[in-house]
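In the UniProt record's numbering, the protein residues as written are 1 to 323. Every residue, glycine too, gets a C-beta built ideally from N, C-alpha and C. Values in this document were obtained by computation on a predicted structure and should not be read as measured data. Written below as C-alpha cells is the structure these notes are about.
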C-alpha cells in the first residue's frame, strides 16, 4: 500500500509559485501527498487561498495574519478575517504567531502579541486548529498560550525549531509539532533530542513551500519549473534533479551535490516532503512507512473539525481523477 502524506503547512498561493500550482500539486499528489494545508499570511492573499481551495479538493484553506505583515493590516482586518471564515467553513486558522528574528524584531512585539491573541481567541471560538509561526520567541509564545489555553482543537507549531525541554509544555496545551526542511540546518544531536521528545501522536510533516528547501542530495530533490534562482542549466527541470546531478558535480561553480550549493532563494517544491520524511525518520530510528503513518493520522485528526474538507473527502481516492 502506497504511503499517504499530508503537507501540514505550505503557501502554494505565494506569488513566486502560484502560476505553477497545477503542476506542483499534481506532482506532489503523484508522490503520495493527499492534502495540503495552504496558509494565508495577509489580507491581500486570503482570496487566493480561498480560490485555490475551491479549485482543488486536496487543498485545505487556512486564513490568518502573519506577524511579519501586521504593520500592513487595515483597521477592518479582523472583520474581514471573520467574513472569510463565515464564507469558508472548511478553513482553519493560520498563519499566525510571533517573530523576533531579523525581520520580526523591527515590529513591535506588543503589537504582535495583541494580534496573535485576537486570532488565537478566534480559533477557540471557531473550534479550529491554528498554525503558528515562531522565530526566536518561544518564551513569549509559551507565556501567551498558557494565558489562553488549553486549545482542544489543537495548534500546530509549524517548522518547529524550539527546545526539547519546551515540547511537553506546549503539548499540555494541545500543540502538535510540524517539521520542515529547516530542521536539516539544526545540529543533528540537538534535532534528534528534540524529535525524540515529541510523542508519535503529536508529530506532523510539512514543506513550508516555497520556502525551506531540504538540505538533501540534489538527485533526490524536486525543483519548481522555471525557478530563476536555480543554477543555470537546471531551471527547466520540473521533476527531481536526477539527470542533472552529474553535470552539476562536474561544474566547478557547483562543487557540492547537496542543496547547500543552491542559492538561498531557490524555491521549494511541495513534493520535497519526501525528503523531510526521510530525514526525520532517520533521526527517530523509524521506517519511513511508520513515520508517514503517524504523521498522516495526526494531521487527519487535527484537520477533522466540523465542515472540514478532510471529512468531506474521506472517501475520495487520492489522485483518482482530481487533486
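Inter-residue spacing [alpha-carbon to alpha-carbon] between residue i and residue j
i	j	result
residue 66	residue 37	15 angstroms
residue 163	residue 68	23 angstroms
residue 28	residue 192	27 angstroms
residue 109	residue 97	11 angstroms
residue 194	residue 205	15 angstroms
residue 127	residue 305	8 angstroms
residue 12	residue 130	18 angstroms
residue 176	residue 32	22 angstroms
residue 284	residue 214	17 angstroms
residue 2	residue 24	20 angstroms
residue 180	residue 145	22 angstroms
residue 77	residue 83	10 angstroms
residue 197	residue 93	26 angstroms
residue 72	residue 157	24 angstroms
residue 113	residue 270	30 angstroms
residue 324	residue 202	Here the chain has residues from 1 to 323 only, and residue 324 is not among them.
residue 294	residue 142	25 angstroms
residue 281	residue 147	34 angstroms
residue 390	residue 288	Past the boundaries of the shown model lies residue 390; the chain is included only from 1 to 323, so the question cannot be answered.
residue 182	residue 159	7 angstroms
Three-state class that DSSP yields for residue i in the structure shown
i	result
residue 151	coil
residue 69	helix
residue 56	coil
residue 37	strand
residue 279	helix
residue 31	coil
residue 269	coil
residue 178	strand
residue 47	helix
residue 201	coil
residue 168	helix
residue 214	coil
residue 195	helix
residue 294	helix
residue 61	strand
residue 17	coil
Spatial neighbours of residue i in its chain, beta-carbon cut-off 8 angstroms, leaving aside the 5 residues before and after
i	result
residue 80	43, 46, 74
residue 315	Since pLDDT at residue 315 reaches only 47, below the 50 mark, its modelled position is unreliable, and the value read off the structure follows with that caveat. Nothing listed; no residue qualifies.
Cβ neighbours of residue i in the same chain (closer than 7 angstroms, five flanking residues each side left out)
i	result
residue 313	57
residue 154	129, 174, 176, 302
Beta-carbon proximity list for residue i, same chain, < 6 angstroms, skipping 5 on both sides
i	result
residue 100	136, 137
residue 149	173
residue 18	none
residue 229	263, 265, 266
residue 299	6, 8, 204
residue 236	Confidence in residue 236 is poor, its pLDDT being 41 and thus under 50, which makes the residue's placement unreliable; the coordinate value appears in the next sentence. Excluding positions up to five away in sequence, the list is empty.
Assigned exposure category for residue i - 16 Cβ within 10 Å defines buried
i	result
residue 125	exposed
residue 308	buried
residue 165	exposed
residue 317	Summary for residue 317: the model assigns pLDDT 44, below 50, so the residue's position carries little reliability; its value from the coordinates is reported in the next sentence. Residue 317 should be labelled exposed.
residue 95	buried
residue 139	exposed
residue 185	exposed
residue 189	exposed
residue 54	exposed
residue 327	Since the first residue shown for the chain is 1 and the last is 323, residue 327 is missing from the structure and cannot be characterised.
residue 50	buried
residue 275	buried
residue 111	exposed
Cutoff 8 angstroms: residue i Cβ touching any chain C Cβ
i	result
residue 36	Included in the structure is just one protein chain, with no chain C present.
Open item on the list: I'd like the ranges of any alpha helix (DSSP H) spanning at least 4 consecutive residues and lying wholly in the segment 88-153.
Closed with: 109-126, 138-148
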